[in-house]
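Input: a single structure, listed below in C-alpha cells.
In our numbering, the protein residues as written are 13 to 268.
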C-alpha cells in the first residue's frame, strides 16, 4: 500500500508548495504564468499529469450542508459553472486526454458538462475519488453539527480529530484516493488527465504531499504530476504537487 511505503512509486514533498495563502483564488499575473507552465515537460522523463478539480456548486453547498457521501445534484449555478469551466479548461490545457469522475452525482454532472465541452466523452467513473465519508454529519449544517457534537467540527478542521462520528479517517481517505491515482497514472501514462472529485480528496492529497491545509472553492483544484524514467525502470518514479488552479470566472468564497 502507498501508506506503508511498499509501492514501487513514492510520494514526495510538493513542488514549490505554498506557505501562505488564504485559499484558492483568482491568480495574480505571476501565479497565472506559473500554473500555465504546468504540466511541465521533462525531457526524456515520462510525466503523467493529473488535475484534481473540485465539482461545481451543489444544492447542499448552496444550503450550507456538509455532504460527504450524501448525493445531492448540482445547483442551477453549479451547472452553469461546469459549462463555463469547460471552455476555460480547454483553452488553457488543450492537451487534456480524458475526464474521470467520482461516482457521486455532483461530480458526475460537473464532469459530464466539462467532458462534453472538451469533446472527451465518455467520462470514466472511479469511486476511489469520492468524497470523505463524514458519517453522522452527512446533510447537517455547521450549526447542527456544533449543537450535537460541541467542539468536534473545529477539532476536525484543525486536524485534531481523526474522523467524524462513524465516518472515514484521514489515512483511509488517503489510501483509497492515492490508489486510484496510481491506477490512473498507469492507464494514462505520459498524458494529461482531468479528475473531477471533491474538496476532501484534493486537500487529503495535498496534505499527504506536504502542503498546508487550506480552504478549497468549487471548481478549484490542484495539479499533481507523476514522473517516471523508462530508462531507470518503475522503481524511479515519484509524485509532486503542482500549483492550485481556479476557474477564474468564479468569485464565490470557499465552502465545504
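Beta carbons are placed, not taken as given, at the ideal position from N, Cα and C, and that holds for glycine.
Beta carbon of residue i nearer than 8 angstroms to that of residue j
i: residue 80; j: residue 149; result: yes
i: residue 181; j: residue 175; result: yes
i: residue 114; j: residue 95; result: no
i: residue 207; j: residue 112; result: yes
i: residue 145; j: residue 192; result: no
i: residue 212; j: residue 153; result: no
i: residue 166; j: residue 220; result: no
i: residue 233; j: residue 63; result: yes
i: residue 214; j: residue 205; result: no
CA-to-CA distance, residue j to residue i, given in whole angstroms
i: residue 122; j: residue 131; result: 14 angstroms
i: residue 151; j: residue 110; result: 31 angstroms
i: residue 254; j: residue 223; result: 10 angstroms
i: residue 69; j: residue 259; result: 13 angstroms
i: residue 190; j: residue 71; result: 28 angstroms
i: residue 128; j: residue 195; result: 24 angstroms
i: residue 135; j: residue 120; result: 8 angstroms
i: residue 238; j: residue 93; result: 29 angstroms
i: residue 177; j: residue 218; result: 23 angstroms
i: residue 61; j: residue 201; result: 9 angstroms
i: residue 157; j: residue 59; result: 43 angstroms
i: residue 225; j: residue 199; result: 29 angstroms
i: residue 273; j: residue 251; result: In the structure as shown, the chain starts at 13 and stops at 268, and residue 273 therefore has no counterpart that could be examined.
i: residue 183; j: residue 197; result: 21 angstroms
i: residue 34; j: residue 133; result: Residue placement at residue 34 is flagged as unreliable, the pLDDT there being 34, under the threshold of 50; a coordinate-derived value is accordingly withheld.
i: residue 147; j: residue 99; result: 36 angstroms
i: residue 164; j: residue 210; result: 21 angstroms
i: residue 256; j: residue 155; result: 30 angstroms
i: residue 216; j: residue 118; result: 19 angstroms
For residue i, the nearest candidate out of the options (CA to CA)
i: residue 90; options: 252, 82, 74; result: 74
i: residue 88; options: 220, 125, 217; result: 125
i: residue 66; options: 84, 230, 82; result: 230
i: residue 84; options: 107, 116, 99, 98; result: 116
i: residue 143; options: 238, 199, 78; result: 78
i: residue 107; options: 225, 179, 209, 203; result: 203
i: residue 82; options: 159, 216, 179, 256; result: 179
Beta carbon proximity, residue i to chain B, threshold 8 angstroms
i: residue 194; result: Looking at the structure shown, chain B is missing, and only one protein chain is on hand.
Validate contact between the region 96 to 113 and the region 160 to 174 using beta carbons, cut 8 angstroms, 3 pairs:
These segments do not touch.
Would you list, in sequence order, the uninterrupted alpha helix (DSSP H) runs of no fewer than 4 residues that lie entirely inside the region 108 to 152?
Counting whole runs of 4 or more residues, the region 108 to 152 contains the alpha helix (DSSP H) stretches 117 to 130.
Hey, which unbroken runs of the beta strand (DSSP E) at 3 residues or more fall wholly within the region 159 to 217?
Complete beta strand (DSSP E) runs here, min 3: 204 to 209.
Let me know the beta strand (DSSP E) ranges lying completely inside the region 58 to 88, each 3 residues or longer, listed in chain order.
Here the runs fully enclosed are 58 to 66.
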